[in-house]
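Below: the structure, in structure tokens.
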Amino acid sequence: MVQVSRKTRLTDLLHYRIKVTTLDGRNIIGELLAFDKYMNLVLADAEEFRITNKSKYAIRDAKRSGAINTADLVKEDKRALGLIILRGVNVVGVTIESKPPVDKATRMGVGKTTGGGVMKPLNEKQVKKDSNAKFLASALRAPIKTVRGGFNQGPRKFQPPPGFKKN
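Residue numbers 0 to 166, in numbering that gives the first Met the number 0, belong to the letters of the sequence shown in order.
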């Protein structure tokens, strides 16, 4: 369990992994990305944990019969949700599961199997070799001025809709 001070605010818990208990008894665990004044929460990589109805009835029957240990009767369904927005009306409680990753690279996902994110500029040799590159190079140029004024035309004069023109 993570140790935090008693006066911790929700802003201090951004990027922490938190567990949210909802009104209907579900527990949702995810990384806190954002919140607002209504306690709406945005959670990334969220997972939902829900106690099955069968195990609820089994626990109730075990308590009626006087059984002390009901922990082995609890069965939870787990469901991966991904990125979710949880309405603040449904939030009952928030607890901290774990701290955010220490280094920024792991938190931002650098080093995953995606591309490097760097694109080299086109040079003259590539444009001559590849016709597709030639098209791309021409598409990136500034607009060409035409005889009528091109893109820098002034606003057009107001034209009434058809049927309202003066003859």
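Where is the CB? At the ideal position from N, CA and C, for every residue including glycine.
Please classify Glu30 as buried or exposed, where buried requires at least 16 other C-beta atoms within 10 Å of its C-beta. So Glu30 ends up on the buried side.
Arg49 versus Ala33, Lys55, Asn89 and Arg25, residue with shortest Cα-Cα distance: Closest by alpha carbon: Arg25.
Reference Arg78, options Leu13, Thr51 and Gln2, closest by Cα: Distance check between Arg78 and each of Leu13, Thr51 and Gln2 places Thr51 closest, using alpha-carbon atoms only.
By DSSP, does Gly65 sit in helix, in strand, or in coil? In this structure, DSSP gives Gly65 a state outside helix and strand, which the three-state scheme calls coil.
Residues sharing a beta bridge with Val93, DSSP: In the DSSP output, where bridge partners are listed per residue, Val93 has Val19.
Give the straight-line distance between the Cα atoms of Leu9 and Thr94, rounded to the nearest whole angstrom. Approximately 11 Å between the Cα atoms of the pair.
Neighbour flag for Asn26 against chain D, beta carbons, 7 Å: Any reference to chain D falls outside this structure, which holds one protein chain only.
For Val73, three-class secondary structure by DSSP: Three-state result, Val73: coil.
In the DSSP assignment, what residue or residues form a beta bridge with Asn26? Thr20 and Phe48.
Is DSSP giving Arg5 helix, strand or coil here? Coil, per DSSP.
Three-way DSSP call (helix, strand, coil) for Arg59 in this model: Reduced to three states, the DSSP call for Arg59 is helix.
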